[in-house]
Structures are given as structure tokens and as C-alpha cells.
Amino acid sequence: MAEIMVWEAILRAHDEELANDPMVIAMGEDIGVVGGTYKATLGLHDKYGEERIIDTPISENGFTGLGIGASFLGVRPIIEIMSVNFSWLAMDQMFNTAAKVRYMSGGQLQAPIVVRSPGGTAHQLGSQHSARMEKVFMGIAGLRVVTPSNPRQAYGLLKSAVRCNDPVFINEHELMYNMKGTVPEEEYFHPLEGSEVAREGRDITLFGYNISVHWCLQAAELLSKHHGIEAEVVDLYALSPLDRAGIRNSVSKTHRAVIVEEAEPAVGVGAEVMAVINEECFFELDAAPVRVSALNVPIPYNHALEKTALPDANDVVEAVRKIFGV
Amino acid sequence: MPGFHRNHHGSMKDADKKRLLREMLFARRFEERCYEAYVERNIGGFLHLYPGEEACAHGVLEAARVGHDYVITSYRDHVHAIKSGSDPRAVMAELFSKETGVSKGRGGSMHIFDVKHRFMGGYALVGGPFPLAAGIAKAIRLQGGDEICICFLGDAANNQGTFHESLNMAALWNLPVLYVCENNLYGIGTRIDRSTAVVDQYKRVSAYNIPSAKENGQDVELVHKAAVKAIKHVRSGKGPYFLELMTYRYRGHSMSDSNAYRAKTEERMWSKRDPVIMLRDRLIDAGKLTLKEFKDMDTEILDEIEDEVIRFAAESPEPHIADVEKYVLAENDPWVRGGAE
């Protein structure tokens with residue numbers, strides 16, 4: 004098992020899938036000659052050439068639609084949208100075309116595209132570069148949404164997403180491209196559905212995804228050390244469809260749940276997981292589920308304000324302490 | 012393969028003209044019957060009809076290799092599908108929301124799909140197909156075929172960002188796509204000079220160095236001639252082309268449109284340029300057709316639509332309710348589970 008960074012894992016997945024199938028292409032802003040803002044396509048332009056590694060104009064809806072049209076004929080585009088904030092512009096084509104074309108054509112057409120984009124907040128990027136949009140994508144029927152929390156998932160999810168016949172949105176994170184982790188040496192395809200138990204525990208379940216898995220893991224260590232509370236951390240790498248069985252299994256074991264999301268609370272991952280808990284295992288609960296979310300504000304530039312607007316491991320610890328009254 | 016002849020040369024034989032006359036008259040009667048079926052409540056939702064514009068789809072696709080070239084368009088899509096080779100019965104069954112419809116009753120009037128004839132669909136977002144067409148053209152290039160993609164859209168679509176984004180990419184990457192602008196002078200109910208700074212649409216693409224032409228969209232022979240030139244350009248690898256066809260829709264934008272925004276004098280003027288009547292009279296004047304033959308043809312078409320098309324649609328089964336969640340995602344896709352097993 005090699006230890007590599009998230010960007011290296013994504014690059015490796017690109018390289019293997021491009022080598023495997025001549026109909027796999029990559030496209031996006033600055034992904035070719037420059038090699039990608041986060042180096043996820045570094046060197047691929049030289050290796051696979053101009054026709055397959057495409058530097059696009061800054062026309063998010065246009066090039067996403069172009070990728071979708073190509074996918075109708077069996078091309079498998081991996082589309083990078085440089086920042087998730089720009090994907091608002093591509094939502095017309097992603098939602099109106101990619102997510103619906105199989106259905107409205109009665110199964111004649113499919114749009115097997117992958118759109119990958121860094122979501123989340125980084126450091127002082129301001130309101131228009133700090134959107135967290137996973138909750139928007141996961142509400143759309145016909146679209147799969149996955150979000151890796153480590154290099155192994157980043158590699159394996161992209162591999163499976165390229166081969167899957169559905170459109171897949173991969174929500175990455177600006178702060179996580181240099182995060183290290185082990186990735187199998189041999190080829191590995193991660194499931195696009197399900198969840199993973201990132202830490203076993205008996206007292207409470209902390210549900211996280213992408214960066215919030217790490218806040219949950221930090222919180223679990225603090226809770227164990229200072230309060231003797233053993234939290235289970237469930238990594239919801241698949242946001243659509245959500246792993247109803249995985250959510251039920253963990254809550255049925257711990258009887259308590261906190262959902263940790265980087266986004267504003269309304270209509271979000273926390274709200275959705277709570278609804279699933281209600282529907283799947285309400286009578287297993289010993290306490291009302293709680294969500295830890297960002298404040299309902301556009302993300303400020305000022306560092307202290309920004310930090311206040313966002314949740315962290317301490318907020319998770321506080322939420323758990325409140326549930327247990329400790 | 013559809014039974015349509017292919018006519019890739021500039022001039023047309025009389026037999027081809029007579030066949031085209033029949034196809035256009037069929038399209039006219041088909042659409043008029045859709046109107047009635049909507050009033051009878053056999054067709055629901057939105058319905059955008061094509062009467063008045065028949066020469067556009069027929070003239071262009073007569074010059075294309077139907078079933079080989081890819082065709083994509085907007086929500087005013089029935090006639091383009093039929094000219095591309097779709098069975099009119101399956102198109103009508105789609106409008107009647109039946110399982111035997113081209114899109115299995117899931118699409119409706121605005122979403123006619125018939126991929127086996129390379130009719131890649133009707134789309135309901137104005138301007139949505141611009142980048143899809145460029146993408147189909149990109150795929151053709153990657154796969155090394157000699158097909159082209161033909162994208163039919165209305166004039167008002169050219170005010171969407173997708174128009175500029177797609178033309179830029181199509182020109183930049185030299186993609187084999189023909190954009191056909193069916194300029195019917197109105198974007199829903201707003202006249203073109205009240206919505207668009209440059210009224211001549213063919214001029215707008217010069218910003219992207221895309222060659223273009225403007226043609227009388229009511230004369231199927233002129234449309235065909237212009238399309239032959241356009242398609243030759245695109246198929247030869249010279250990149251995209253833009254063809255503006257001046258036309259007029261007789262009915263409102265959709266069935267929910269009162270059509271009260273157009274002057275009667277304007278409507279009368281355009282009715283004198285009717286594409287079906289123009290071709291009919293030309294054939295009669297040339298001694299190739301009699302009025303009686305035309306009337307017989309019309310009766311035959313009306314009977315065919317009633318006895319075969321409408322009957323098939325009316326008698327076809329509805330989709331099974333239990334299948335409502337089918338076609339949302341791929342069925343049993345192994346990669347969802349991470350591959351094999």
C-alpha cells in the first residue's frame with residue numbers, strides 16, 4: 004500500500020482510465036497544458052494529446068453540455084469544474100439534460116459523464132469561492148453524488164464513476180488535495196453506493212462526509228479521552244443515493260446520532276440523514292438526532308468571521324456533550 | 012433504415028419534389044391532427060406545432076444522410092423526428108403518452124427521442140441543444156466517422172449563453188456540426204426586433220468565424236440547395252456552419268399561447284408563402300401534378316393519419332404504473348458496487 008496525496012490518487016485514476024479506454028477524455032479549465040489547478044491532470048496532456056485532454060474556454064454550462072452530448076455516443080468525459088461555485092453555471096445541463104435524459108428518452112440515451120469539482124471552504128476565499136453545494140446535487144433524481152474523504156476513496160470512486168453508466172458528480176475539497184493516505188497498489192474500484200465505518204463505537208454515531216469525516220474522527224478521540232464516550236464515525240461517501248441500511252445499522256447500535264456537515268443547515272445532508280433515521284429506525288433512538296452545520300450566512304472574508312461561520316471538531320464535541328449532559 | 016430517399020445534390024428531380032410534397036403535406040396534417048387530439052384531451056402538457064415551417068426540416072434533412080447523421084432539436088420536434096425516419100405512429104403514441112411511444116410515454120411532445128434513427132431528441136430548455144450538438148460532433152471526431160450533427164433551433168435560442176459558448180467551441184475545435192436557425196421571428200410572443208439587437212441571425216456567427224447563409228425557409232428547393240452546400244462544408248472537415256432559414260409558424264408558440272401578438276396583415280402575408288402550396292403550385296404549373304392528384308394525396312394522408320396513426324396511438328397500452336421508477340438510473344450497473352461479483 005503506497006501512501007499518496009489526494010491529487011495523486013485522482014491523477015492515477017485518470018491515467019488508468021484514459022489508458023484503459025480511448026473513449027475516456029478529460030476536459031475543463033486549465034486541465035491540459037497547465038495540468039489542473041490542483042494537479043489532478045498533471046502530465047496527461049503530453050501523454051494523451053489535445054483531442055482527449057481538453058483545455059476548455061471558461062464556459063461551464065457550454066463545456067459540460069458538450070461533454071454530455073459526447074457521452075450520448077459512448078464517450079466518457081471526466082469534466083473538471085475548477086471550483087464548485089462555478090458549477091452553478093453548469094447546473095442547467097447537469098440537471099436538465101444529464102440527470103433526465105435516460106428517463107425522458109424511455110431508456111434510449113444515457114449520459115455517463117463524471118463531473119468532479121472541489122467544493123467546501125478553504126481559507127478566506129470569500130463568499131463566491133466558498134460554496135458547499137453537495138446538498139443541491141443530492142436532491143436531483145437521476146444524478147449520483149459521491150464525495151471522497153481520503154485518497155483511497157478519491158481514486159476508487161473516480162475509477163467506478165468513469166465506468167458507471169449514470170452521470171456522477173464527485174464533490175472534492177479544496178483543502179484536501181494534499182491530504183495523504185494509503186491507496187492499494189493494484190487497481191481498485193470503490194462502490195458508488197454505501198457507507199464506511201471509519202471508527203467503531205457503541206455510544207453515539209457521528210455521520211460525516213468528505214472533510215467532516217475528519218472533524219468527526221477528531222471529535223471521537225476527544226470524546227473518548229475526556230468523557231469516556233465511544234463514538235462511531237460513519238463516512239457517507241455516497242450522498243445520492245444515501246445508504247439507508249448503513250444509517251439504520253449504526254443508529255440501531257448506538258441509539259444516538261449527530262450529523263456533521265460543512266454547509267448551511269437548511270435542506271442539507273443533516274436534514275436528509277435525520278429524515279432517513281426517522282423513516283428507518285425512529286424507535287431505536289434514545290435522543291433526538293442533532294446536526295452540526297455552518298451558520299446560515301454567505302462565507303465571510305475576515306478570518307475570524309469565517310472560522311465562526313464554519314463548524315469544526317469542537318462543535319461536534321459540544322453537540323455530543325449536550326446530548327449526554329456531560 | 013427509413014425509406015426516405017437521399018438527395019445530396021443541389022437540384023431535385025420531379026419524383027423527389029412530389030415525394031417531398033407528400034411528406035410536407037403529411038407533416039402539416041399530422042400536426043393539425045395533434046391540435047385536435049389536444050382539444051380532445053388525448054394529448055396533454057405542452058404542444059408546440061410546426062405548420063408553416065415544414066420546408067425547413069424537410070429541405071435540410073433531404074440533403075442529409077438520415078439515419079447516419081445525427082439530428083437534435085428543441086421542443087418543436089415531431090416533424091424533425093418523422094423526417095429523420097421515426098414511425099409517425101410511434102410519435103403520435105408518444106403524444107398520447109403510451110408505452111408504444113418513441114420515448115415510451117415518458118417524454119411527451121417536447122421529448123421525442125428515436126436513437127435508432129439517430130434522432131437524438133427534443134429538449135425543452137431554449138438553447139439547451141447547442142452544446143449537446145457540439146458534443147455529439149466531438150464524439151464523431153473521436154470515433155473517426157463521417158457523420159455530422161445537425162442541430163435545429165429557433166431564432167430566440169440565439170439569445171442564450173449556450174449559443175455563444177457552443178459556437179465558440181465548435182469553431183475553436185473545428186467540429187462537424189450544422190446549426191440550422193429556424194427564424195420564425197418570434198421568441199414565444201416577443202418579436203425578434205424587440206428582443207434581439209442584431210436581427211439578422213446569420214451575421215451573429217461571424218463573431219466566431221463560422222461561415223453562414225440566410226435563405227428563404229418557405230421554399231423547400233431553396234432550403235435544400237442551401238443545405239447541400241452547408242452539409243458539404245461540414246462533412247468535408249471544414250468545421251461548423253450556420254444556416255438561417257426565414258420562416259413563420261401559423262399557430263402560437265404552444266397551445267397555451269393566445270397568438271394575439273401578431274398583426275393579421277403579417278399572418279396573411281406569410282400564408283401567401285405557404286411551403287406546401289408553393290411546391291404544389293410549382294409542380295402544377297410545370298405540368299407534373301394536377302389539382303385532383305393533390306387532393307387525392309391529401310385524402311389519402313388524412314385517411315392514413317386517422318386509420319393508422321391515431322388508431323395505433325389510441326389503442327396502444329399505457330405504461331405500467333409499477334415501472335414509474337424505471338429509467339432513473341442504469342439497471343444493475345456493476346460499477347455501482349465497485350465492479351465484478
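Those protein sequence lines, which keep their order, are chains A and B. If you use this note's numbering, the first sequence closes out at 329, no skipped numbers anywhere. If you use this note's numbering, the second sequence closes out at 352, no skipped numbers anywhere. Glycine included, each C-beta is placed from N, C-alpha and C at the ideal position. As the structure is a computational prediction, the values presented were derived from the model and not from experiment.
For M8/A, the number of other beta carbons within 10 angstroms of its own is at least 16, and it is reported as buried. The segment 286-295 of chain B and the segment 21-39 of chain B touch, with no fewer than 3 CB-CB distances between them shorter than 8 Å. With fewer than three CB-CB distances shorter than 8 Å, the segment 167-177 of chain A does not count as touching the segment 305-323 of chain A.
In this structure, I84/A lies near E63/A, with their beta-carbon atoms less than 7 Å apart. For the segment 152-167 of chain A, the residues whose beta carbon sits under 9 Å from a beta carbon of chain B are, in order, G159, K162, S163, A164, V165, R166 and C167.
Excluding sequence positions up to five before and after A38/B, its CB lies within less than 6 Å of the CB of E65 and V90, all in the same chain and listed in chain order.
Under the Cβ criterion (8 Å, minimum of three pairs), the segment 216-225 of chain A does not count as touching the segment 121-139 of chain A.
Note that the C-beta distance between V171/A and V254/A is not below 7 Å. In the DSSP assignment, P121/A falls within the beta strand (DSSP E) that extends over V117 to G122.
Within the segment 83-138 of chain A, the alpha helix (DSSP H) runs of at least 4 residues that lie entirely inside it are, in chain order, 104-107. With fewer than 16 other beta carbons inside 10 angstroms of its own, M4/A counts as exposed. H193/A sits away from G249/A, with the two beta carbons spaced by 7 Å or more. DSSP lists no bridge partner for R55/A. Taking 7 Å as the threshold, the shortest C-beta distance from V148/A to chain B does not fall below it. Positions of the beta strand (DSSP E) runs, each at least 3 residues long and wholly inside the segment 279-317 of chain A, are given as 293-295 in order along the chain. Secondary structure in the segment 68-143 of chain B: the beta strand (DSSP E) runs of 3 residues or longer, each lying completely within the stretch, are 81-84 and 130-133 in chain order. Ranked by how close their Cα comes to the Cα of L189/B, the residues Y252/B, F130/B, G228/B and N179/B have Y252/B in first place. Among the residues of the segment 212-232 of chain B, none has a Cβ less than 9 Å away from any Cβ of chain A. Sequence-distant Cβ neighbours of V37/A in its own chain, meaning closer than 8 Å and more than five residues away, are D58. DSSP places I159/B outside both helix and strand once states are collapsed to three, so it counts as coil. Interface residue (Cβ-Cβ distance to chain B less than 7 Å): H126/A is not classified as such.
In the structure shown, R202/B adopts extended strand secondary structure according to DSSP, grouped into three states. Cβ contact annotation for E199/A (same chain, cutoff 6 Å, sequence separation greater than five): D238, in chain order. Contact of R259/A with chain B is not assigned, every C-beta pair being separated by 7 Å or more.
For the pair A48/B and V77/B, the Cα-to-Cα distance works out to about 29 Å.
Inclusion of V261/A and L195/A in the CB contact set at 7 Å is not warranted, their separation being larger than that value. Between the segment 113-124 of chain B and the segment 92-100 of chain B there are three or more C-beta pairs closer than 8 Å, enough to call the two in contact. Here the C-alpha atom of A291/A lies approximately 17 Å from the C-alpha atom of N252/A. For V347/B, the neighbours in chain A by C-beta distance under 7 Å run, in chain order, C167, P194, L195 and E196.
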